[in-house]
Amino acid sequence: MEIGRYHWMYPGSKNHQYRPVPTLGDRASPLSSPGCFECCIKCLGGVPYASLVATILCFSGVALFCGCGHVALAGTVAILEQHFSTNIRDHAVLSDVIQMMQYVIYGIASFFFLYGIILLAEGFYTTSAVKELHGEFKTTACGRCISGMFVFLTYVLGVAWLGVFGFSAVPVFMFYNIWSTCEVIKSPQTNGTASVEQICVDIRQYGIIPWNAFPGKICGSALENICNTNEFYMSYHLFIVACAGAGATVIALIHFLMILSSNWAYLKDASKMQAYQDIKAKEEQELQDIQSRSKEQLNSYT
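Each residue of the sequence shown is one higher than the one before, counting from -8 in this note's numbering.
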């Protein structure tokens, strides 16, 4: 007999009974209940990390493209007005197009901010569907249809952003040509004033201003002065950053497309599993009903 767990009643008692002394194992230990650490681990287990990384990458790429592109376009207009096209009528169409593109940039930033949040919420939804497959969570046909719609829409946006990425490389190419021409002028191999003045850049050949624009072509030391201005330096590097942001957005959309396709497949398998479990539960219920009726009939006969 363990003295630590039981003790005797008074000797005068008629019925000798044992009263168990409560031990530490019989008491409710505070360590057995889920604490803050376990709750944090459970919450972190339901976070769609892949969707979170893709959302951060998408927000960063769109922010770089929209912010840097907006400022770079304004700097490009200033360079054209001051050096390549002094007549406002010659570049009026270009100014309107650039202004329209700036408004489009506002719309792109707003749309992708909302779309990124929606895709992140979709990631949380599908993660919950997979984690709670055997619980009370039920996937519906509407939810699977919405997931398929997001897959299609993300695919279309990815193709569109490939075009945006290619289009954003055009001003980088133009500014690089101007910058490389200025580097040729600065090089010590270029000897003589006449040879320097023969090195020119004709912006009209890119088609952004008409051929009758004046002067349209800048040569020699005047071109070197343009390359030394803050507008040219900032616009050139901002266009590079905007192009990199467009590339990051393309990568984020491809990442989203893989995630959404995988989640849609998980939801499809989950719906099949739920249908199988419903059929199995229905058959078991019917079997129990048949057994109960047969027992009642046997009892009635006896």
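Ideal placement from N, C-alpha and C gives every residue a C-beta, glycine not left out.
Just the Cα atoms here: how many angstroms apart are G238 and F104? The residue given as residue 238 occupies position 247 in the sequence shown. The residue given as residue 104 occupies position 113 in the sequence shown. Put simply, the backbone Cα of G238 is about 17 Å away from that of F104.
Please classify F75 as buried or exposed, where buried requires at least 16 neighbouring CB atoms within 10 angstroms. To locate residue 75, count along the sequence shown from 1; it is residue 84. Classification for F75: buried.
Enumerate in chain order the residues of its own chain whose CB-to-CB distance from E29 is below 7 Å, with the five nearest sequence positions on each side excluded. Here residue 29 corresponds to residue number 38 of the sequence shown, with the count starting at 1. There are no such residues.
Would you tell me roughly how many angstroms separate the C-alpha atoms of F223 and G58, rounded to the nearest one? In the sequence shown, the residue the question calls residue 223 occupies position 232. In the sequence shown, the residue the question calls residue 58 occupies position 67. C-alpha separation (whole angstroms): 17 Å.
List the endpoints of the continuous alpha helix (DSSP H) containing V38. Translated into the one-based positions of the sequence shown, residue 38 becomes position 47. Counting along the chain, V38 falls outside any alpha helix (DSSP H), and DSSP gives it neither H nor E.
With a Cβ-Cβ cutoff of 7 Å, do L85 and I242 count as a contact? Position 94 of the sequence shown, counted from the start, is the residue given in the question as residue 85. Position 251 of the sequence shown, counted from the start, is the residue given in the question as residue 242. No, the Cβ-Cβ distance between L85 and I242 is not below 7 Å.
Alpha carbon of D87 to alpha carbon of G157, nearest angstrom: As a working note, residue 87 is residue 96 in the sequence shown. As a working note, residue 157 is residue 166 in the sequence shown. Those two C-alpha atoms are separated by around 22 Å.
Between which residues of its own chain and C234 is the CB-CB distance below 6 Å, once the five residues before and five after are set aside? In the sequence shown, the residue the question calls residue 234 occupies position 243. Correct list, in chain order: S159, A160, V163.
Taking buried to mean at least 16 other C-beta atoms within 10 Å of its own C-beta, is W255 buried or exposed? On the sequence shown, position 264 is the one that residue 255 refers to. Under this definition W255 is a buried residue.
Closest by CA to Y106, which one among I89, S253, F247, G211? To locate residue 106, count along the sequence shown from 1; it is residue 115. Taking only the C-alpha atoms, the option nearest Y106 is F247.
I'd like to know whether the C-beta atoms of L214 and V192 end up nearer to each other than 7 Å. One-based indexing of the sequence shown puts residue 214 at position 223. One-based indexing of the sequence shown puts residue 192 at position 201. Their beta carbons are under 7 Å apart, which means L214 touches V192 by this criterion.
Less than 7 Å separating the beta-carbons of L46 and W152? Position 55 of the sequence shown holds residue 46. Position 161 of the sequence shown holds residue 152. This sequence places Thr at residue 46; Leu is not what is there. Not in contact: T46 and W152 (Cβ atoms no closer than 7 Å).
Can you name, in chain order, every residue of its own chain whose Cβ lies under 6 Å from the Cβ of G211, other than the five neighbours on each side? Your numbering for residue 211 matches position 220 in the sequence shown. Excluding residues within five positions, the ones whose Cβ falls inside 6 Å are V187, E188.
Beta-carbon proximity list for K208, same chain, < 6 Å, skipping 5 on both sides: Here residue 208 refers to the residue found at position 217 when the sequence shown is read from its first residue. Within the same chain, K208 has close Cβ partners C191, D193.
Name the DSSP beta bridge partners of D280, please? Taking the sequence shown and counting its residues from 1, one reaches residue 280 at position 289. Checking the DSSP bridge columns, you'll see D280 has no partner listed.
Provide the residue(s) that pair with S76 in DSSP beta bridges, ordered along the chain. In the sequence shown, counting from the first residue as 1, residue 76 sits at position 85. Paired residue(s): P206.
Does the beta carbon of L144 fall short of 6 Å from some heavy atom of the ligand GTP? Ligands are entirely absent from the displayed structure, and the ligand GTP is therefore not among its contents.
Since I believe I99 is in contact with V53 (beta carbons under 8 Å), could you give me their beta-carbon distance rounded to a whole number of angstroms? As a position in the sequence shown, residue 53 is number 62, starting the count at 1. As a position in the sequence shown, residue 99 is number 108, starting the count at 1. Rounded, the Cβ-Cβ distance is 7 Å, consistent with contact.
Can you name, in chain order, every residue of its own chain whose Cβ lies under 7 Å from the Cβ of P21, other than the five neighbours on each side? Residue numbering aside, residue 21 sits at position 30 when the sequence shown is read from its first letter. With a pLDDT of only 45 at P21, under the threshold of 50, the placement of this residue in the model should not be trusted; the figure read from the coordinates follows. Cβ neighbours of P21 beyond the five flanking positions: none.
Determine the contact status of C226 and G114, defining contact as a CB-CB distance below 7 Å. Residue 226 sits at position 235 when you count from the first residue of the sequence shown. Residue 114 sits at position 123 when you count from the first residue of the sequence shown. The residue you asked about is not Cys; residue 226 is Ser in the sequence shown. No.
Please list the terminal residues of the continuous alpha helix (DSSP H) segment that includes L71. Looking up residue 71 in the sequence shown gives position 80. Segment: none, L71 is in no alpha helix (DSSP H) and carries neither H nor E.
With H, G and I counted as helix, E and B as strand and the rest as coil, what does DSSP make of G126? Here residue 126 is taken as the residue at index 135 of the sequence shown, counted from 1. Unreliable placement is indicated for G126, whose pLDDT of 47 sits below 50; no coordinate value is reported for it.
Whole-angstrom distance between S291 and S283, CA atom to CA atom: Residue numbering aside, residue 283 sits at position 292 when the sequence shown is read from its first letter. Residue numbering aside, residue 291 sits at position 300 when the sequence shown is read from its first letter. When rounded, the distance between both Cα atoms is 12 Å.
Where L244 falls, given that 16 or more other Cβ within 10 Å makes a residue buried: Here residue 244 is taken as the residue at index 253 of the sequence shown, counted from 1. L244 is buried by the Cβ-count criterion.
Is the beta carbon of S297 less than 7 Å from the beta carbon of L111? Here the chain has residues from -8 to 293 only, and residue 297 is not among them.
Shortest alpha-carbon distance to I137 belongs to which of V147, I109, C49, H61? On the sequence shown, position 146 is the one that residue 137 refers to. Answer by Cα proximity: I109.
Assumed close pair M92, L55 - CB separation to whole angstroms, cut-off 8 Å: Locating residue 92 in the sequence shown gives position 101, where the first residue counts as 1. Locating residue 55 in the sequence shown gives position 64, where the first residue counts as 1. Their Cβ separation, rounded to whole angstroms, is 16 Å, which puts M92 and L55 out of contact at 8 Å.
Leaving out the 5 sequence neighbours to the left and right, which residues in its chain are closer than 7 Å to C173 when beta-carbon positions are compared? Translated into positions along the sequence shown, residue 173 becomes position 182. Same-chain partners within the cutoff: L214, E215, C218.
Distance between M249 and P39 (C-alpha atoms, nearest Å): On the sequence shown, position 48 is the one that residue 39 refers to. On the sequence shown, position 258 is the one that residue 249 refers to. Spanning the two alpha carbons is a distance of roughly 13 Å.
A337, buried or exposed, once every other Cβ within 10 Å from all chains shown has been counted against 16: This structure cannot speak to residue 337, because the chain is shown only from -8 to 293.
Measure the Cβ-Cβ separation of V142 and L251 and say whether it is below 7 Å. Residue 142 sits at position 151 when you count from the first residue of the sequence shown. Residue 251 sits at position 260 when you count from the first residue of the sequence shown. Yes. Within cutoff.
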